[in-house]
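Heads up: the sequence shown begins at 20 in the working numbering, then just goes up one per residue.
Positions of the beta carbon are idealized from the N, C-alpha and C atoms, including for glycine.
A quick note: this is a predicted structure, and the numbers were derived from the prediction, not measured.
For reference, the structure discussed in these notes is given below.
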Amino acid sequence: MNENTIDSLRAALKHSSDNIPLRLLLADTLLALNRLEEAEIEYCILLKTSNDSKAKFGLATIFYKKGNYSACNVILEEIIEKETNEINVYTLYAKGLLKENAINKAIEAYKKALTIDPKYFDAELDTQLRQKGTYEVIETEEEIDSRFLQKPNINFSDVGGMETVKKEIELKIIKPLLHPELYKAYGKKIGGGILLYGPPGCGKTFIAKATAGQVNAKFISVSLNDILDMWIGNSEKNLHEIFELARQHSPCVLFIDEIDALGASRSDMKQSSGRHLINQFLQELDGIDNTNEGVLIIGATNTPWNLDPAFRRPGRFDRIVFVPPPDITTKEAILRLKLNNKPTETIDLLSIAKRAENYSGADIDAIIDIAIEQKLESSFSDGIPKPLETTDLLNALKKHKPSTQEWFSTAKNFALFANDSGLYDDILTYLKIKK
Ligand SMILES: Nc1ncnc2c1ncn2[C@@H]1O[C@H](COP(=O)(O)OP(=O)(O)OP(=O)(O)O)[C@@H](O)[C@H]1O
Ligand SMILES: [Mg+2]
Numbered sequence: 020m021n022e023n024t025i026d027s028l029r030a031a032l033k034h035s036s037d038n039i040p041l042r043l044l045l046a047d048t049l050l051a052l053n054r055l056e057e058a059e060i061e062y063c064i065l066l067k068t069s070n071d072s073k074a075k076f077g078l079a080t081i082f083y084k085k086g087n088y089s090a091c092n093v094i095l096e097e098i099i100e101k102e103t104n105e106i107n108v109y110t111l112y113a114k115g116l117l118k119e120n121a122i123n124k125a126i127e128a129y130k131k132a133l134t135i136d137p138k139y140f141d142a143e144l145d146t147q148l149r150q151k152g153t154y155e156v157i158e159t160e161e162e163i164d165s166r167f168l169q170k171p172n173i174n175f176s177d178v179g180g181m182e183t184v185k186k187e188i189e190l191k192i193i194k195p196l197l198h199p200e201l202y203k204a205y206g207k208k209i210g211g212g213i214l215l216y217g218p219p220g221c222g223k224t225f226i227a228k229a230t231a232g233q234v235n236a237k238f239i240s241v242s243l244n245d246i247l248d249m250w251i252g253n254s255e256k257n258l259h260e261i262f263e264l265a266r267q268h269s270p271c272v273l274f275i276d277e278i279d280a281l282g283a284s285r286s287d288m289k290q291s292s293g294r295h296l297i298n299q300f301l302q303e304l305d306g307i308d309n310t311n312e313g314v315l316i317i318g319a320t321n322t323p324w325n326l327d328p329a330f331r332r333p334g335r336f337d338r339i340v341f342v343p344p345p346d347i348t349t350k351e352a353i354l355r356l357k358l359n360n361k362p363t364e365t366i367d368l369l370s371i372a373k374r375a376e377n378y379s380g381a382d383i384d385a386i387i388d389i390a391i392e393q394k395l396e397s398s399f400s401d402g403i404p405k406p407l408e409t410t411d412l413l414n415a416l417k418k419h420k421p422s423t424q425e426w427f428s429t430a431k432n433f434a435l436f437a438n439d440s441g442l443y444d445d446i447l448t449y450l451k452i453k454k
């Protein structure tokens, strides 16, 4: 495109002055060369005889460039009113609105562009909208994918003990992914989920993430707290979008952590909108027309008794799995795993594990941390890292109290007095109240 193009276009137009595509080409070319006044004349000629949206867009662009943002926006609104799928229109509209400080409308417009093409990204708009502060997260599909779609680098070999839980996950999650044809042969749908529950710090989140490394499928990990939104109605929408992401990537494991949030004392949860989210969740778990085929769900919560029993119906969380504090062998395994790449003497793992009664996996993490801090302190004087010894860890045990008992004092009451069809028998067995 250069001056010659312009000249030949003008010459051609002399012979066919009502050739719309030709005049449009001339106008667009002038605009591209930033010859705004001339371009404006051509667009205006076009708009006298036609209602061409491309000419309108060109004129809007000129107004934008000249700093006449309100005129620009008025024209774009006309185009949008007649329904358009032009990303350029929405992008320019978002920019024009931003200039006029109509931030929320600008966000709407940019979102519209993103729904037309989820991969679309306008760096300038993105930065500006973020700077204005009210622009929270507008994410393209790719960004959402990379935030929630994970390939964690741990698998079951990183999880000490927990054999029962591993077996449940194996049966309900991993086998269906490995042998879909067998399930088909028996007419059994692949789907549904398990709910992990238990005291804090005992490996629910950890084993769910390790499952990701164990399966050869997509893995989406999200915490319900991330889904909650301060705006009424948005939480439902966010939840729906996560399930849609899972459906698009089937076969897929969808891990939803911190389901406790459903029963949380947040004001919006107390109100009827909390009920809406619960209903939305149930609806998503059911899927419509088998759309959940190949979507396997792992949920985790500390407070299963707060969960609406409707969550436990077949096809939803139909397996409820207790994740107890680690037993002695598991504690040994956790210690071995966590001390693996640290300077140590030969450590008597068993005697530490035996003394760590009621300690959770997170408690063991904490003990190792404390022992290391103390070792560091004594290493500063000569700068030589001294290996950890058994006594360091035993000393650290005294400095950190186990954290699981409080949970059991609540759980015990539910297990004794609200043990709906033996749901919490595992707790009673663990507490040696029932065989
Ligand atoms: N079996 C295990 N093997 C190895 N590490 C473990 C094991 N159990 C727990 N841990 C360690 O304890 C930490 C806390 O566990 P995790 O976060 O999974 O607990 P949680 O049950 O999800 O707790 P919360 O209910 O508070 O969310 C993990 O980061 C991990 O380092
Ligand atoms: Mg957790």
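Original post:
Taking 8 Å as the cut-off, is the CB of T224 close to at least one heavy atom of ligand 2?
Top reply: The answer is yes for T224.
Original post:
DSSP state of V93, grouped into three classes?
Top reply: Here V93 sits in helix by DSSP.
Original post:
Less than 9 Å separating the beta-carbons of E408 and I366?
Top reply: For the 9 Å CB-CB criterion, E408 and I366 form a contact.
Subject >> Status (buried if at least 16 other CB within 10 Å, exposed otherwise) for D37 >> reply: Counting C-beta atoms within 10 angstroms of its own C-beta, D37 has fewer than 16 neighbours from the protein chains shown and is therefore classed as exposed.
**OP:** Tell me, to the nearest whole angstrom, how far the beta carbon of I463 is from that of H419; I am working on the premise that it is less than 8 Å.
**Re:** The shown model of the chain, from 20 to 454, leaves out residue 463, and the question about it has no answer.
Original post:
Helix, strand or coil: how does DSSP classify I239 here?
Top reply: I239 falls in the strand class under three-state DSSP.
Original post:
Could you give the distance in angstroms between the alpha-carbon of L215 and the alpha-carbon of F336?
Top reply: One C-alpha to the other measures close to 10 Å.
Original post:
Can at least three beta-carbon pairs, one atom from the segment 199-215 and one from the segment 131-145, be found at a separation below 8 Å?
Top reply: No, because fewer than three Cβ pairs between the segment 199-215 and the segment 131-145 fall closer than 8 Å, the two stretches do not touch.
Original post:
In whole angstroms, what is the alpha-carbon distance linking N298 and F262?
Top reply: Each residue's alpha carbon lies about 14 Å from the other.
**OP:** Could you tell me how far apart the beta carbons of A31 and L43 are, in whole angstroms, since I believe they sit closer than 8 Å?
**Re:** Contact doesn't hold; Cβ gap of about 13 Å is too wide.
Subject >> Selection from I39, K84, L66, S240 that minimises the alpha carbon distance to L50 >> reply: Closest option to L50, judged by alpha-carbon separation, among I39, K84, L66, S240: K84.
Subject >> Cα-Cα separation between L413 and N360, rounded to whole angstroms >> reply: So the two alpha carbons sit approximately 19 Å from each other.
Original post:
How far does the alpha helix (DSSP H) with C63 in it reach, from first residue to last?
Top reply: Counting along the chain, the alpha helix (DSSP H) containing C63 begins and ends at 55-68.
Original post:
Can you tell me whether DSSP reads A375 as helix, strand or coil?
Top reply: In the displayed model, A375 falls within coil according to three-state DSSP, outside both helix and strand.
Subject >> Cβ-based burial, P195 [other Cβ within 10 Å; buried from 16] >> reply: Counting every other CB atom within 10 Å of its CB across the protein chains shown gives P195 a total of 16 or more, marking it as buried.
Original post:
For the alpha helix (DSSP H) that contains D388, what are its first and last residues?
Top reply: Run containing D388: 380-398, per the alpha helix (DSSP H) assignment.
**OP:** Go through its chain and collect everything with a Cβ distance to L66's Cβ below 6 Å, but skip five positions before and after it.
**Re:** Here L66 has A74 as same chain residues with Cβ atoms under 6 Å from its own Cβ, once five neighbours each way along the sequence are excluded.
Subject >> Beta-carbon contacts of L78 that lie in its chain and below 8 Å, excluding the five residues immediately before and after >> reply: Around L78: E59, Y62, C63, L66, I94.
**OP:** Kindly provide the ranges of any beta strand (DSSP E) runs that are 3 or more residues long and lie completely inside the segment 94-144, ordered along the chain.
**Re:** Taking only runs of at least 3 residues, no beta strand (DSSP E) segment lies wholly in the segment 94-144.
Original post:
What are the boundary residues of the beta strand (DSSP E) that includes Y216?
Top reply: The continuous beta strand (DSSP E) containing Y216 extends over residues 210-216.
**OP:** Note down, in chain order, each residue of its chain lying with its Cβ closer than 7 Å to the Cβ of P343, except the 5 sequence neighbours on either side.
**Re:** Here the set comprises G217, C221, Y449.
Original post:
Could you give the distance in angstroms between the alpha-carbon of S422 and the alpha-carbon of E376?
Top reply: Each residue's alpha carbon lies about 10 Å from the other.
Original post:
Any heavy atom of ligand 2 within a distance shorter than 8 Å of the CB on I345?
Top reply: Checking the sequence, you will find Pro at residue 345 rather than Ile. Within the chosen limit of 8 Å, ligand 2 does not reach the beta carbon of P345 with any heavy atom.
**OP:** Give the range of the beta strand (DSSP E) segment to which T320 is assigned.
**Re:** Run containing T320: 314-320, per the beta strand (DSSP E) assignment.
**OP:** Reducing DSSP to helix, strand and coil, say where T24 ends up.
**Re:** T24 falls in the helix class under three-state DSSP.
Original post:
Exposed or buried, what is A329 when buried is set at 16 or more other beta-carbons lying within 10 Å of its beta-carbon?
Top reply: Under a 10 Å Cβ-count criterion, A329 is classified as exposed, with fewer than 16 other Cβ atoms of the shown protein chains found around its own Cβ.
**OP:** Quickly, what does DSSP pair I275 with across the bridge? List them, please.
**Re:** In DSSP, I275 forms a bridge with V241, G318.
**OP:** Tell me, please, whether the segment 393-412 touches the segment 300-312 by the rule of three or more beta-carbon pairs shorter than 8 Å.
**Re:** Flag = no, the segment 393-412 and the segment 300-312 do not touch.
Subject >> Spatial neighbours of I188 in its chain, beta-carbon cut-off 6 Å, leaving aside the 5 residues before and after >> reply: Correct list, in chain order: T230.
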